[in-house]
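Participant: If you scroll down you'll find the structure; I have some questions about it.
Number of protein chains: 2
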Amino acid sequence: MDIKDRAKNITDLARLAGVSPGTVSRALANSELISKKTRDRIQELAREHDFRPNVMARNLRIKRSGAIGVLIPLGHETAQHISDPFFMSLLGNLADALTERGHDLLLSRVIPNNPDWLIDIIDSGRVDGVILIGQSDQAAVIDKVAERFLGLVAWGANMPGQVHCSVGSDNRKGGELAVRHLVERGARKFAFLGDPIAPEITQRLDGVRSALAKAGMGDALEILPAHLTAETAHPAVSHWLNQIDVVPDGIIAASDVIALSTLRALAEHGRSVPGDVRVIGYDDLPLANQTSPPLTTIRQDLVAGAAHLVDLLFRRIGGEKTASVVLEPQLIIRGTS
Amino acid sequence: MDIKDRAKNITDLARLAGVSPGTVSRALANSELISKKTRDRIQELAREHDFRPNVMARNLRIKRSGAIGVLIPLGHETAQHISDPFFMSLLGNLADALTERGHDLLLSRVIPNNPDWLIDIIDSGRVDGVILIGQSDQAAVIDKVAERFLGLVAWGANMPGQVHCSVGSDNRKGGELAVRHLVERGARKFAFLGDPIAPEITQRLDGVRSALAKAGMGDALEILPAHLTAETAHPAVSHWLNQIDVVPDGIIAASDVIALSTLRALAEHGRSVPGDVRVIGYDDLPLANQTSPPLTTIRQDLVAGAAHLVDLLFRRIGGEKTASVVLEPQLIIRGTS
DNA sequence: CCAATTGCAACAATCGATTGCATAATGAGG
DNA sequence: CCTCATTATGCAATCGATTGTTGCAATTGG
């Protein structure tokens, strides 16, 4: 088939078939209104001419875009990069789940410098629904939008009084699991590394505090509240190790990424893991299994998480008012504890 | 502003302003054809009513979608996951670069089970251009499409006689760099870990072979040609270590991900790095700096790579017939060599 | 004071597919 | 051979914004 006589729109194809555009449209949609004979003929013709209907025109008419917006709000720390392994890991799973449902994934890294960032995207008509990866510090904005707009789900913490639908792990329980495990292994002096500005982190810290209190060691906790990314974590932790008097023997990192940098900093300071210090991460990213020794961590099941996000989103798009989902965190014991 | 009287389309807004839809369109586009006074009035009205023009209608009319498709073809190994850290790292950089240019990023993980996978996406009208992350084993398909369609660039190897425009590092030179470095450090028996089905890997292996030949050690190379992902690499390498007679003292991993697993497997086999064995990776992913000891590797500058991909793509969309770009690989010496 | 020029905004066609409704073609039965 | 009931197709409006062309009014110059 030469490039010249490729039918570029439904009208061309209709002329070639000797029927009206409407008939072609129905035939390609396999509508019963068109006789089997013409239907087959038109479908065959479409195949021969390599015809592909214009998606935008179709979307305009039927008012759906066939795309789901996946947004990564970078509120409290614009320096945070989209390639953060945690985001990426979830994103990969979302891409798979959405593709299976025949939807495109519109990726956007958004810096919420005006309060309309979310509404802007929703009202633009580019997407049928929105999945937020993380709430950053935008809980208020998200809640306000969620009151009006159903097709929105978020990965992250489930806060009391929250309006929007979220999927996330039980961060509090995760924090508790981490501490209980370290206590069992004999740790007595603890440190928590992570910035409680993000609600998830706050909840993890709450869990840590609560478990320590229960164990009668409520005052044995130190906190390094710096915002820690893959790039900034190592120097921050290293500096912290230099200035403290007594190095804790149980370190709870707020994420695997932080834990990784911590392992390295400890090695450089001549501390053995898990001999001198026991370390536990959070997330169970694929790379947690790749360190030496492999990282003990609290697992968030991102495959299940992504599946839930997508499932809830489509149910909400369908009009259902779904509740949030809280996933059970799981202690994964490896070599660093 | 109540939700009721939100103008939902340009016609509503025109009625409210007492002008015609065309005038509103021009006013919002800040066209000189409309007097400053009416322009300001309409813009103010639009702001009050929170009006956002329908992107799909606009796109249909002006025949652009405002989105760039980023495709990850998974040809020779469907099990490979989109969350491969290398893909993700590049993807993050692409998202940033495209956002800066005001374009959306349509992410798709595609399994090329029929030869039309690429044409389908291009002709659907959903995207203005396509960036391929990796060519997988689809070079023929890609070349055929590239003959006709300009708005296409790919990350990956630059093969002789290639039609499509690609951006990638000089894999051959990268392989040479790796070997020269290991030789300098005293390694005498080598292994290359990676599957030469992907053209990039073949080129790296060629470089390795060539450098070894130059050093007069052409026969000191062993190859583990398994397809290695984050999940499969560790068992494969571990098994390999068990069955070989003499463990090499210089290991060239075809990627950082493979190098990571190798480090772990070596540790489990009681080999010290870099004491017994020197290891070098390829890519310089963020996580290469996070291992202990940190990984010596051949750096591909993904920030520059992403910038090139986007720049070339937009120039091609603009009609320019750009040539491929080959980036200079860089030896990053860290702790494993 | 009238004609020529300029400036603004309205009109209407257009992008390409979908779909309710009207109409033509077909076939059966009398 | 004609009528009526179906079935199969055509017609035309629609989704919402863009843009070339046209028409009207105000301004300027002679």
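These protein sequences, in sequence, are chains A and B. Heads up, the numbering used here is the position in the first sequence plus 1, with the first residue counted as 1. Heads up, the numbering used here is the position in the second sequence plus 1, with the first residue counted as 1. Virtual Cβ for every residue (Gly too), placed ideally from N, Cα, C. Note that this is a predicted model, so its numbers are computed, not measured.
1) Just verifying my parser: in three-state terms, what is the DSSP assignment at ASP105/A?
2) Can you name the residues that DSSP bridges to THR297/B?
3) Sort ALA199/B, LEU242/B and GLY176/B by Cα distance to ARG210/B and report the nearest one.
4) Once you ignore the five residues that flank THR1/B on each side, which residues in its own chain have a CB closer than 8 Å to its CB?
5) State the start and end residues of the unbroken beta strand (DSSP E) segment that holds SER167/A.
6) From ALA80/B to SER338/A, what distance separates their C-alpha atoms?
7) How many whole angstroms separate the CB atoms of LYS190/B and ALA221/B, which I take to be in contact at a CB cut-off of 8 Å?
8) For ILE318/A, collect the residues of the same chain with a Cβ closer than 8 Å to its Cβ; drop the 5 residues on either side in sequence, then sort them by chain order.
9) Could you tell me which chain A residues have their CB closer than 9 Å to the CB of ASP121/B, listed as they occur along the chain?
10) Can the beta-carbon of GLU285/B be found less than 9 Å from the beta-carbon of ASP257/B?
11) Can you tell me whether DSSP reads GLU321/B as helix, strand or coil?
12) May I have the straight-line CA-CA distance separating VAL154/B from ILE69/B, to the nearest angstrom?
13) What number of angstroms, rounded off, separates the C-alpha of GLY103/A from the C-alpha of LYS38/B?
14) Measure the CB-CB distance between ILE123/B and LEU183/B and report whether it falls below 9 Å.
15) Select from the stretch 101-122 of chain A all residues with a C-beta closer than 7 Å to any C-beta belonging to chain B, and list them in chain order.
16) Got a sec: is the Cβ-Cβ distance from VAL209/B to anything in chain A below 9 Å?
17) Which complete beta strand (DSSP E) runs does the stretch 126-186 of chain A hold, if anything under 3 residues is left out?
18) Can you list, in chain order, the residues of its chain with a C-beta nearer than 8 Å to that of GLU148/B? Leave out the 5 residues immediately preceding and following it.
19) Kindly indicate if chain A contains any beta-carbon less than 9 Å away from that of THR12/B.
20) Let me make sure I understand the geometry here. Which of VAL20/A, ALA47/A, GLU49/A and LYS9/A has the alpha-carbon closest to that of ILE35/A?
21) Report all residues from its chain with a CB closer than 6 Å to the CB of ALA231/B; omit the five preceding and five following residues, and keep chain order.
22) Going along the chain, which unbroken runs of the alpha helix (DSSP H) with 4 or more residues stay wholly within the stretch 197-254 of chain A?
23) Roughly how far, in whole angstroms, is the beta-carbon of ALA268/A from the beta-carbon of GLN204/A, given that I think they are within contact range, below 8 Å?
24) Can you tell which of MET160/A, PRO249/A, PRO22/A and GLY219/A has the C-alpha that lies nearest to the C-alpha of ARG40/A?
25) With 9 Å as the threshold, decide whether the Cβ of LYS5/B is near any Cβ in chain A.
26) Could you tell me which residues DSSP puts in a beta bridge with GLY70/A?
27) Determine, for ASN243/B, whether the minimum Cβ-Cβ distance to residues of chain A falls below 9 Å.
28) For ASN60/B, go through chain A and note every residue whose CB falls closer than 8 Å to its CB, in chain order.
29) Under 8 Å by Cβ, that's how I've got ALA266/A and VAL248/A pegged, so tell me the actual separation to the nearest angstrom.
30) Please say whether ILE120/B and LEU75/B have beta carbons closer to each other than 9 Å?
31) Is it right to say SER273/A is buried, meaning 16 or more other beta carbons lie within 10 angstroms of its own, or is it exposed?
32) Using a Cβ-Cβ cutoff of 7 Å, what residues of the stretch 303-318 of chain A are near chain B? List them in chain order.
33) Contact check, HIS235/B vs SER262/B under 8 Å by CB: the rounded distance?
34) Under DSSP, the alpha helix (DSSP H) around VAL348/B begins and ends at which residues?
35) Please report how far the alpha carbon of GLY350/A lies from the alpha carbon of SER167/A, in whole angstroms.
36) Short of 6 Å in beta carbon distance, which residues of its chain neighbour ALA216/A, apart from the five on each side in sequence? Order them along the chain.
Facilitator: According to the data block:
1) The residue given as residue 105/A occupies position 104 in the first sequence. ASP105/A: strand per DSSP, three-state reduction.
2) On the second sequence, residue 297/B is found 296 positions in, with the first residue counted as 1. Bridge partners of THR297/B: ILE281/B.
3) On the second sequence, residue 210/B is found 209 positions in, with the first residue counted as 1. For the residues ALA199/B, LEU242/B and GLY176/B, the minimum Cα distance to ARG210/B belongs to GLY176/B.
4) What the structure shows of chain B is the stretch from 2 to 338, and residue 1/B is not part of that stretch, so it cannot be assessed.
5) For the purposes of this step, residue 167/A is taken as the residue at position 166 of the first sequence. Segment 166-170, the beta strand (DSSP E) holding SER167/A.
6) Counting from 1 along the second sequence, the entry for residue 80/B is found at position 79. Counting from 1 along the first sequence, the entry for residue 338/A is found at position 337. Residue confidence for ALA80/B is low, a pLDDT of 44 falling below 50, so the modelled location carries little weight and cannot support an answer.
7) Indexing the second sequence from 1 puts residue 190/B at position 189. Indexing the second sequence from 1 puts residue 221/B at position 220. Beta-carbon to beta-carbon, LYS190/B and ALA221/B are separated by about 5 Å, close enough to satisfy the 8 Å threshold.
8) Here the question's residue 318/A lines up with position 317 in the first sequence. So the list reads ASP129, GLY130, LEU151 and GLY152, once near-sequence residues are dropped.
9) Residue mapping note: residue 121/B aligns to position 120 of the second sequence, counting from 1. Neighbours of ASP121/B on chain A, chain order: ARG53.
10) In the second sequence, the residue the question calls residue 285/B occupies position 284. In the second sequence, the residue the question calls residue 257/B occupies position 256. Contrary to the premise, residue 285/B reads as Asp rather than Glu in this sequence. Against a cut-off of 9 Å, the Cβ pair of ASP257/B and ASP285/B comes out as a contact.
11) Within the second sequence, the letter at position 320 stands for residue 321/B. The answer is coil: DSSP assigns GLU321/B none of H, G, I, E or B.
12) For this step, residue 154/B is matched to residue 153 along the second sequence. For this step, residue 69/B is matched to residue 68 along the second sequence. Taking the straight line from one Cα to the other gives about 11 Å.
13) Start at 1 with the first residue of the first sequence, and residue 103/A comes out as number 102. Start at 1 with the first residue of the second sequence, and residue 38/B comes out as number 37. Roughly 47 Å between the two C-alpha positions.
14) As a working mapping, residue 123/B is identified with position 122 in the second sequence. As a working mapping, residue 183/B is identified with position 182 in the second sequence. Not closer than 9 Å, so no.
15) So the close ones are ASP105, LEU106, LEU107, LEU108, SER109, ARG110 and ASP121.
16) Translated into positions along the second sequence, residue 209/B becomes position 208. Cβ-Cβ to chain A under 9 Å: no for VAL209/B.
17) Runs of the beta strand (DSSP E) lying entirely within the stretch 126-186 of chain A, each at least 3 residues long, are 130-134, 153-156 and 166-170 in chain order.
18) Locating residue 148/B in the second sequence gives position 147, counting from the first residue. Here the set comprises VAL164.
19) Taking the first residue of the second sequence as position 1, residue 12/B is located at position 11. With 9 Å as the cut-off, THR12/B does not count as an interface residue toward chain A.
20) Stepping through the first sequence from its first residue, residue 35/A is reached at position 34. The residue with the shortest Cα to Cα distance from ILE35/A is VAL20/A.
21) As a working note, residue 231/B is residue 230 in the second sequence. Closer than 6 Å at Cβ, skipping near neighbours: VAL258.
22) Counting only runs that start and end inside the stretch 197-254 of chain A, the alpha helix (DSSP H) elements of at least 4 residues fall at 200-215 and 234-244.
23) The sequence position of residue 268/A within the first sequence is 267, counting from 1. The sequence position of residue 204/A within the first sequence is 203, counting from 1. Wrong, their Cβ atoms sit about 30 Å apart, outside the cutoff.
24) Counting from one through the first sequence, the residue named residue 40/A turns up at place 39. Out of MET160/A, PRO249/A, PRO22/A and GLY219/A, PRO22/A has the C-alpha closest to the C-alpha of ARG40/A.
25) On the second sequence, residue 5/B is found 4 positions in, with the first residue counted as 1. Confidence is the limiting factor: at LYS5/B the pLDDT is only 46, short of 50, which leaves the residue's position unreliable and the question unanswerable from this model.
26) As a first step, residue 70/A is located in the first sequence; it is residue number 69 there, counting from the start. LEU107/A and VAL131/A.
27) Within the second sequence, numbered from 1, the residue matching residue 243/B stands at position 242. Not closer than 9 Å to any Cβ of chain A, the Cβ of ASN243/B fails to qualify, so no.
28) Within the second sequence, residue 60/B is the residue found at index 59, counting from 1. Under a criterion of Cβ atoms nearer than 8 Å, the residues of chain A adjacent to ASN60/B are, in order, MET57.
29) To locate residue 266/A, count along the first sequence from 1; it is residue 265. To locate residue 248/A, count along the first sequence from 1; it is residue 247. Rounded, the Cβ-Cβ distance is 11 Å, inconsistent with contact.
30) One-based indexing of the second sequence puts residue 75/B at position 74. One-based indexing of the second sequence puts residue 120/B at position 119. Contact flag unset, no.
31) Counting from one through the first sequence, the residue named residue 273/A turns up at place 272. Counting Cβ neighbours within 10 Å, SER273/A comes out exposed, since fewer than 16 surround it.
32) Answer set for the stretch 303-318 of chain A: empty.
33) Position 234 of the second sequence, counted from the start, is the residue given in the question as residue 235/B. Position 261 of the second sequence, counted from the start, is the residue given in the question as residue 262/B. Contact between HIS235/B and SER262/B holds: their C-beta atoms lie close to 4 Å from each other, under 8 Å.
34) Nothing about residue 348/B can be read from this structure; chain B reaches only from 2 to 338.
35) Residue 350/A lies beyond the stretch modelled for chain A, which goes from 2 to 338, so this question has no answer here.
36) Stepping through the first sequence from its first residue, residue 216/A is reached at position 215. For ALA216/A, where only same-chain residues beyond five positions count, the Cβ hits under 6 Å are VAL184.
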